Structures are given as C-alpha cells and as structure tokens.
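Plus 13 on top of the position in the sequence shown (first one is 1) and you've got the working numbering.
Ideal placement from N, C-alpha and C gives every residue a C-beta, glycine not left out.
All figures in this text were calculated on a predicted structure; none of them were measured in a lab.
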Amino acid sequence: MKQEYPIPAAEHRVDEKIRRSHFITTVGPAGTVEDARAFIKKVRAEFDTANHNCWAYVVGPPGSTGHAGMSDDGEPHGTAGRPMLTVLLHCGAGDIVAVVTRFFGGVKLGKGGLVRAYSGGVKSALASLPLIEKMPMARVEAVIGYSEVTLFQRMLPEFSAEVEDSDFAVAVTYRLQMPSKHVDTFKVRLADLTNGQAKVVVHQAD
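So this is what it looks like as structure tokens:
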C-alpha cells in the first residue's frame, strides 16, 4: 500500500515585485497529471496577458520523478521550469503543481536572476502553503452471511469504512471504501467474525 504524505490543502498564491517585473506564484494540489495540466491551464487563462506562465509539477509521493513535468514558457532554457521543479522535489510535499506568472517590467534579470526569481517564488509560496495528509484509499468487496450483518456493520467505524453499495441476494455483498492502511487488519477481523467463511476482494487502491 502507498504511504501517507503531505499534499497542498488548497490553492495558494503569493506575489512579489523584482526589478519592476511582477511575479505571481500559484501553488495547488494535483493528484493526477491531468489535474496538474488543468491547474496550469486555469492559471494561464486567468493571466492570459502575462509574458510568461512557467510551471512545474510532481504527481506522487514527495521527491518522486515518475510523473513530473516543467516548462520555461519562453524564458531562457533552464531558468524557470527546472529551478521550480527542483524546489518542488525537495519540499517534502507530493501531488503538487506550481505556476509562476511573470509580467515583464522592462529590466532584464539575467539567467541567475531568473533562476532566483522563479525558485524563490515557489519557496515563498511553500513557506505559507497549508498542507493536509493524503490518506490513500482502497475499495473492498466483502461477501458475508445474513447472520453476520449486524456485527459486520458495527465493526465498520473501527476501520473508517464507508459503504458505497450493498447487495442482498443468496449472501450479502458489501462494497466499501476505507483507508488502505486498514485493509489487512480488516481482513483478519472479518475472518474471525465469519469463521473464515467471508470472501474479501480488494478491487482498487488509490
């Protein structure tokens, strides 16, 4: 099962002026690559008159590079997207996307100045970014007898399990969602409750 890790609690924004240029950094949660792209598209639409909307994202646990992306969006190569991504990879949070919007003020910053501006914007946003703990969830199907229904329902709160659907036929089938970390213990408890007769299938884990 995937581990728990911090993710952004909500969209968060900071801005600053650097030698007449206006830099606006917007950070938010991105549970999938599609989420990250949608976030970037939304910020671009909001600031469609900006000179640059540079971005970076990390989808997955903190520091993972399997689903990461970046763009300099017209700034000199390596001066925006890469520094932003480096900050995100070392920030201790996962499932995160950042867009730094620049309105050019007429004064060139040079490559070093750009790197500091774009990485600094992300660092500044992260310093005040509210975080929550991501709790990976699992979908579980449990098949039990009618005589076990009452005790089964009573034990569900212990595992923070929610019933998504149920089917009362020859046996009773429950489709549940619960934190992935509880699945193994849930299986043991259910086996004890039903003398090993219950059928349990884990269909999906986020």
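Which listed residue (the options) has its alpha carbon closest to that of residue i
i	options	result
residue 215	205, 184 and 196	196
residue 150	29, 43, 190 and 75	190
residue 143	18, 25, 16 and 17	25
residue 168	134, 83 and 207	207
residue 119	127, 161, 27 and 33	33
residue 81	49, 126, 65 and 158	49
residue 83	39, 76, 89 and 93	93
residue 65	22, 37, 27 and 46	37
residue 43	62, 16 and 75	75
residue 176	166, 182, 63 and 183	166
residue 116	125, 105 and 35	35
residue 31	129, 62, 102 and 58	129
Inter-residue CB distance, residue i and residue j (contact presumed, cutoff 8 Å)
i	j	result
residue 52	residue 114	Actually they are not in contact, since the Cβ atoms of residue 52 and residue 114 sit about 13 Å apart, beyond 8 Å.
residue 96	residue 132	4 Å
residue 100	residue 70	With a Cβ gap of about 12 Å, residue 100 and residue 70 do not count as contacting.
residue 202	residue 152	About 18 Å; that fails the 8 Å criterion.
residue 146	residue 21	Residue 146 to residue 21, Cβ: 12 Å. No contact.
residue 137	residue 27	5 Å
residue 73	residue 107	6 Å
residue 121	residue 89	About 10 Å; that fails the 8 Å criterion.
residue 185	residue 162	6 Å
residue 156	residue 212	4 Å
residue 68	residue 112	5 Å
residue 139	residue 46	Rounded, the Cβ-Cβ distance is 21 Å, inconsistent with contact.
Extent of the continuous alpha helix (DSSP H) run through residue i
i	result
residue 124	123-140
residue 205	196-206
residue 100	94-102
residue 165	162-168
Boundaries of the beta strand (DSSP E) in which residue i is found, first to last residue
i	result
residue 152	150-157
residue 117	Neither: residue 117 is in no beta strand (DSSP E) and is coded neither H nor E.
residue 32	Counting along the chain, residue 32 falls outside any beta strand (DSSP E), and DSSP gives it neither H nor E.
residue 147	144-147
residue 19	18-21
residue 210	No beta strand (DSSP E) contains residue 210, which DSSP labels as neither H nor E.
residue 179	175-181
residue 192	185-192
Taking only runs that begin and end inside the segment 36-83, name each unbroken alpha helix (DSSP H) of 4 or more residues, in chain order.
Qualifying alpha helix (DSSP H) stretches, in chain order: 46-59.
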